[in-house]
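Engineer: Below you will find the structure I want to go over with you.
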Amino acid sequence: MRLALFDLDNTLLSGDSDFEWAQFLIGKGVLDREVYEAKNLAFYEQYKAGTLDIHAFLDFQLRPLSRHPRRELDAWHREFMASRILPMITDKARRLVARHRDAGDTCVIITATNRFVTAPIAEEFGVAHLIATEPEEIDGEFTGRVVGIPSFREGKVARLKAWLAARGARLDEAEHSYFYSDSHNDLFLLEQVTHPVAVDPDDELARIARARGWPIMSLR
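Written out as structure tokens, the structure is:
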């Protein structure tokens, strides 16, 4: 197997879909601006600093999904894709994914953001395989809880290895494995692949990439 792994937020996207989803709901009046905007900004700063409590964040991010019927959420997401996500997808990002796909690599988007937010984005990129944090569903409706290991930091490595094992494969047996990411939070997985690539990296990842001789590129 030849793998091309892509982080999503601030890598394939020139922005953060998790953050933008909450801002979108605030803008629609679904979430109270005074209560939620400061929390959303605080969580985003914690993520960038590498101090994010993923379970506290997921409680914040997933609980609103449980308050609305799936049909309404899906309608909002279509609006969200058009107004917030498509403007964050650059031609460079599309070409990068297409180049790996055309080369016969197995393309996977691997992201800490939940599957509800990210599945339509992966589809927009033409990527069939998505490893994302899994929101719990009962009878097609969200409960506000998470299922299994969040796909975050060390969890990305665990989730990828489990995904590969289900296909009778191992990461260390891949002919080659690329991982594109912007964040030092993804260092755990970047260290596991044969071709780590820093994409529009944060300051800490840029420092590490330069020290280790990893490629640095921009999709902006």
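For reference, each letter of the sequence shown is one residue, going 48 to 267 in the numbering used here.
The C-beta atom is built at its ideal place from N, Cα and C for all residues, glycine as well.
Asn-161 lies in the beta strand (DSSP E); which residues open and close that run?
Structural biologist: 153 to 161
Engineer: Rounded to the nearest angstrom, how far is the Cβ of Pro-243 from that of Ile-263, given a contact under 8 Å?
Structural biologist: Going by Cβ atoms, the distance from Pro-243 to Ile-263 rounds to 10 Å, so no, they are not a contact pair.
Engineer: Considering only their Cβ atoms, is the gap separating Gly-195 from Glu-184 smaller than 7 Å?
Structural biologist: no
Engineer: Taking one C-beta from the stretch 51 to 62 and one from the stretch 70 to 78 each time, how about it: are there three or more such pairs within less than 8 Å?
Structural biologist: no
Engineer: Look at the alpha carbon of Ala-22 and the alpha carbon of Arg-254, and state the distance between them as a whole number of angstroms.
Structural biologist: The requested residue 22 is not part of the displayed model; the chain covers only 48 to 267.
Engineer: For Leu-266, which of helix, strand or coil comes out of DSSP?
Structural biologist: coil
Engineer: For the structure I just gave you, are there three or more beta carbon pairs, one from the stretch 83 to 96 and one from the stretch 64 to 71, closer than 8 Å?
Structural biologist: yes
Engineer: Which runs of the beta strand (DSSP E) at least 3 residues long sit entirely within the stretch 85 to 109? Give them in chain order.
Structural biologist: none
Engineer: Gly-31: which of Asp-121, Arg-192, Asp-106 and Ser-130 sits nearest, CA to CA?
Structural biologist: The question about residue 31 has no answer, for the chain in this structure spans 48 to 267.
Engineer: Tell whether a beta-carbon distance below 7 Å holds between Glu-201 and Phe-172.
Structural biologist: no
Engineer: Could you tell me which uninterrupted alpha helix (DSSP H) segments, each at least 4 residues in length, are contained entirely in the stretch 135 to 221, listed from first to last along the chain?
Structural biologist: Taking only runs of at least 4 residues, the alpha helix (DSSP H) segments lying wholly in the stretch 135 to 221 are 138 to 149, 162 to 171 and 201 to 212.
Engineer: Does any heavy atom of the ligand MN sit closer than 6 Å to the C-beta of Phe-226?
Structural biologist: Of ligands this structure carries none, so the ligand MN is not represented either.
Engineer: Leaving out five residues on either side along the sequence, give the residues of the same chain with a beta carbon under 7 Å from the beta carbon of Gly-191.
Structural biologist: Leu-109, Arg-110, Leu-112 and Ser-113
Engineer: Would you say Leu-266 and Val-240 are within 7 Å of each other, going by their C-beta atoms?
Structural biologist: no
Engineer: Once the 5 residues before and after Phe-127 are set aside, which same chain residues still bring their CB inside 6 Å of it?
Structural biologist: The answer, listed in chain order, is Phe-71.
Engineer: Hey, would you say Leu-50 sits closer than 7 Å to Thr-158, going by beta carbons?
Structural biologist: no
Engineer: When DSSP labels each residue in this structure, what does Val-82 get in the three-state scheme?
Structural biologist: The answer is helix: DSSP assigns Val-82 an H, G or I state.
Engineer: Confirm, please, whether the CB-CB distance from Phe-53 to Ile-156 is below 7 Å.
Structural biologist: Going by C-beta atoms, Ile-156 is nearer than 7 Å to Phe-53.
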